[in-house]
Amino acid sequence: MNRVLFKGNEVITEAAIAAGCRFYAGYPITPQNEITASMARRMPESGGVFMQAESEIAAINLCFGAAVAGTRAMTSTSSPGFSLMQEAISFLAGCEISCVIANVMRGGPGLGNIQPSQADYFQAVKGGGHGDYHNLVLAPFSVEEAYAMTLLAFELADRYRNPVILLADGMLGQLMEPVDLELGPPASFPTRDWKLDGAQGRKPRSIKSLLMNDGVLEKHNYHLAAKYRTMQKEVRWEIDRQEGSELLVVAYGSSARAAKAAVREARAQGLKVDWFRPRTLWPFPSEALKDAARRSGRVLTVEMSLGQMVEDVKLAVAGGTPVDFFGRPGGAVPTPAEILAAIRQSLSRRTTV
Amino acid sequence: MKLANPRPEALTEFPNIYCPGCGHGLAHRLVAEVIDELGVRERTVGVAPVGCAVFAYDYWNFDVTEAPHGRTPCVATGIKRVLPDRVVFSYQGDGDLASIGMGEIIHTANRGENLTVVFINNANYGMTGGQLAPTTPLGMKTTTTPAGRSESDGRPIRIPELLNALDAPVYLDRQSLHDPVHIRRAKASLKKAFQAQLDDKGFSLVELLSACPSNWAMTPPDAMKWIGTELVKTFPLGIVRDRT
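Residue numbers (the numbering used here), protein chains in the order written: chain Y, 1 to 353; chain A, 354 to 597.
And the structure:
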């Protein structure tokens with residue numbers, strides 16, 4: 001055990017270094033500046049490359065270049081910057097290049113504010129950029145999990161040659177918690193028989209997503225779809241259940257923390273409430289959620305938005321279980337007391353049905 | 354029979370799909386000849402643009418990646434920063450470099466990245482059918498300036514001169530591909546630019562005036578002549594900076 005107190009943002013840097021990430025490019029934006037600042041220190045110390053880019057567009061494309069050359073690369077940003085990165089993320093997906101992108105979400109739309117938010121769920125999970133593609137999306141809810149998930153993000157990005165989004169929020173980024181730095185297996189590096197490093201003693205390679213000949217792009221999309229199906233096995237979730245549950249509260253990231261506190265209080269007051277937390281948002285834990293929802297008979301989804309993940313919750317239960325929603329937008333964080341009130345309301349609806 | 358100019362090893366046998374008289378074929382070949390003469394084919398990584406040269410990877414017999422439109426210098430920088438002993442270059446058209454990618458080229462040049470940029474100026478957007486480019490001369494008709502480019506459309510941007518305002522670049526040059534004499538000069542400039550990178554000197558850029566007969570609505574010979582008599586008035590040829 002090697003427990004060290006870390007800020008969420010800084011632990012992402014520490015995990016990236018441990019994962020063998022040796023290229024980082026970023027652009028200043030609140031509330032993720034600690035990642036960029038700690039990378040500026042840690043990358044050179046670790047023999048890696050740090051670059052402050054002229055924009056988020058440049059940052060992600062610098063990563064594209066480093067990743068094309070076979071290096072583990074990452075960038076980090078917050079919501080408006082994540083919007084600017086979408087084009088290149090689509091290129092990463094199309095070219096099948098691994099890269100890790102941390103989005104420490106803030107309030108939107110537009111410039112919004114710098115308070116924590118979960119309103120970029122659609123953008124991260126449903127594509128964000130153009131074309132038929134999927135990101136792997138990991139949603140940590142503690143500083144320690146941010147460490148473990150950053151390690152995992154690099155493993156998955158390499159395994160599937162796919163962009164991986166680490167979807168955090170401003171609260172997690174600023175939170176300080178102890179972290180066991182000996183978590184997780186040592187970094188493993190799959191053979192990169194696709195990288196571009198000069199065609200020494202081999203045939204030249206090209207990396208491209210432009211596939212103009214008749215039917216070639218359609219075939220490429222089927223190939224990607226098959227890969228996305230194999231990625232389904234990376235689904236992860238956490239559940240806290242008790243006998244006789246009458247409501248399942250579903251939340252991820254920081255709102256799952258508030259929801260957990262609310263569920264604890266509800267149980268102390270004698271209410272029968274379970275708690276379910278998707279740890280991967282894509283793939284989404286639909287099967288596990290469907291089963292848990294069926295057991296409880298009613299679902300309450302809690303988000304720091306006006307309802308984005310709730311659409312995937314509804315798809316998962318496929319009309320089999322009623323789904324309620326409580327959320328606060330624009331950088332407002334739901335309090336455990338507000339969630340407890342929503343829990344009571346859901347339970348009252350359950351009995352009146 | 355022995356060919357006087359055999360195919361460079363760095364050029365594949367992929368059939369030329371550029372329009373008759375297009376300068377890209379010449380530019381591709383010059384880059385390939387320079388790569389061969391410098392003996393670096395097996396340690397070169399090229400970055401292809403979005404535009405007519407988007408298929409550059411089919412023509413070059415070395416590693417080539419695509420890049421999002423205009424982000425070509427960023428992708429080249431990412432490669433070069435993690436593989437500093439490789440030869441890395443971006444190949445960009447005027448829309449890619451001087452319009453959508455203007456921010457990227459300026460900052461790449463300003464950091465003095467040790468890479469080479471081959472900048473093809475054919476005064477219009479070729480791939481999309483001949484629209485106004487930042488490099489279109491005043492008065493020139495394009496599909497989006499049917500009455501000819503006016504000053505309110507912006508005036509032609511001279512990239513080497515613009516980058517000459519920065520301290521970092523070591524080599525900035527403009528040459529032309531309109532006749533054999535100029536083609537030879539263009540090759541010498543490209544070689545100098547790549548050599549600067551091999552010598553770890555820093556950022557080099559060579560602009561090449563390149564014919565686009567299809568969109569200029571000229572025959573290839575007329576297009577070549579027009580470069581030599583007209584286009585050079587807007588884009589004077591010669592080395593803008595040489596600190597190699």
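Backbone N, C-alpha and C fix where the C-beta goes; we use that ideal spot for every residue, glycine too.
None of these values were measured; they are calculated from a predicted model.
Legend entry - Helix, strand or coil at residue 26 of chain Y according to DSSP, with G and I counted as helix: strand
Inset, instruction - Check whether the Cβ atoms of residue 31 of chain Y and residue 253 of chain Y lie closer than 8 Å to each other. - result: no
Legend entry - residue 389 of chain A vs residue 359 of chain A beta-carbon contact at 8 Å: no
Legend entry - Contact set between residue 74 of chain Y and chain A, taken where Cβ atoms lie within less than 7 Å: Residues of chain A passing the Cβ test: none, with the nearest at roughly 12 Å.
Legend entry - Extent of the continuous alpha helix (DSSP H) to which residue 433 of chain A belongs: 425 to 435
Inset, instruction - Please name the residue in A:435, A:558 and A:364 whose C-alpha comes closest to that of residue 463 of chain A. - result: A:558
Inset, instruction - Take residue 412 of chain A and list the residues in its own chain whose beta-carbon comes closer than 7 Å to its own, dropping the five residues that flank it on each side. - result: 364, 365, 367 and 381
Inset, instruction - Report yes if the C-beta distance between residue 456 of chain A and residue 305 of chain Y is below 8 Å; otherwise report no. - result: no
Legend entry - Residue-chain proximity (residue 417 of chain A, chain Y), Cβ-Cβ < 8 Å: yes
Inset, instruction - Report all residues from its chain with a CB closer than 8 Å to the CB of residue 194 of chain Y; omit the five preceding and five following residues, and keep chain order. - result: 96, 161, 205 and 207
Legend entry - Any C-beta of chain Y under 8 Å from that of residue 479 of chain A: no
Inset, instruction - Please confirm if residue 521 of chain A has its CB atom under 8 Å from at least one CB of chain Y. - result: no
Legend entry - Which of helix, strand or coil DSSP assigns to residue 149 of chain Y: helix
Legend entry - Cβ pair count under 8 Å reaching 3, the region 367 to 377 of chain A against the region 563 to 580 of chain A: yes
Legend entry - Contiguous beta strand (DSSP E) assignments of at least 3 residues, all confined to the region 365 to 421 of chain A: 397 to 400 and 416 to 418
Inset, instruction - Might you give, ordered along the chain, the residues of its own chain that have their beta carbon closer than 6 Å to the beta carbon of residue 94 of chain Y, omitting 5 neighbours on each side? - result: 209
Inset, instruction - Specify the secondary structure class of residue 96 of chain Y as computed by DSSP and reduced to three states. - result: coil
Inset, instruction - Could you check if residue 527 of chain A is buried or exposed, using at least 16 other CB atoms within 10 Å of its CB as the buried criterion? - result: buried
Legend entry - Test: residue 593 of chain A CB closer than 8 Å to a CB of chain Y: no
Inset, instruction - Name the two residues that bound the continuous beta strand (DSSP E) containing residue 275 of chain Y. - result: 273 to 278
Legend entry - chain A residues whose Cβ lies nearer than 9 Å to that of residue 207 of chain Y: 410, 416, 417, 418 and 419
Inset, instruction - Output yes or no for whether 8 Å exceeds the beta carbon distance between residue 282 of chain Y and residue 249 of chain Y. - result: no
Legend entry - Cross-chain neighbours of residue 492 of chain A in chain Y, by beta carbon under 8 Å: Within 8 Å Cβ-Cβ: nothing; residue 492 of chain A doesn't reach chain Y, min ~33 Å.
Legend entry - Complete runs of the alpha helix (DSSP H) confined to the region 159 to 192 of chain Y [at least 4 residues]: 170 to 174
Legend entry - beta strand (DSSP E) segment containing residue 7 of chain Y, residue limits: 3 to 7
Inset, instruction - Could you tell me whether the region 139 to 158 of chain Y touches the region 327 to 340 of chain Y, using the rule of 3 or more Cβ pairs below 8 Å? - result: no
Legend entry - Supposed close pair residue 438 of chain A, residue 404 of chain A - CB separation, criterion 8 Å: About 29 Å separates the two Cβ atoms, so there is no contact after all.
Legend entry - For residue 575 of chain A, the first and last residue of its enclosing alpha helix (DSSP H): 573 to 579
Inset, instruction - Compute the beta-carbon to beta-carbon distance between residue 500 of chain A and residue 490 of chain A, rounded to the nearest angstrom, for a pair I have assumed lies under 8 Å. - result: With a Cβ gap of about 14 Å, residue 500 of chain A and residue 490 of chain A do not count as contacting.
Inset, instruction - Could you tell me if residue 225 of chain Y is buried or exposed, where buried requires 16 or more neighbouring beta carbons within 10 angstroms of its beta carbon? - result: exposed
Inset, instruction - Mind checking which residues open and close the beta strand (DSSP E) that includes residue 299 of chain Y? - result: 299 to 303
Legend entry - chain A contact residues for residue 55 of chain Y, given Cβ-Cβ distances below 7 Å: 456
Legend entry - residue 400 of chain A versus residue 386 of chain A: straight-line alpha-carbon distance, rounded: 17 Å
Inset, instruction - Under 8 Å between beta-carbons, which chain A residues line up against residue 127 of chain Y? List them in chain order, please. - result: Under the 8 Å cutoff, chain A gives no residues; its nearest Cβ is about 16 Å from residue 127 of chain Y.
Legend entry - Proximal residues, the region 444 to 471 of chain A versus chain Y, C-beta separation under 7 Å: 456, 457 and 460
Inset, instruction - Tell me whether residue 563 of chain A sits in a helix, a strand or coil according to DSSP, three-state version. - result: coil
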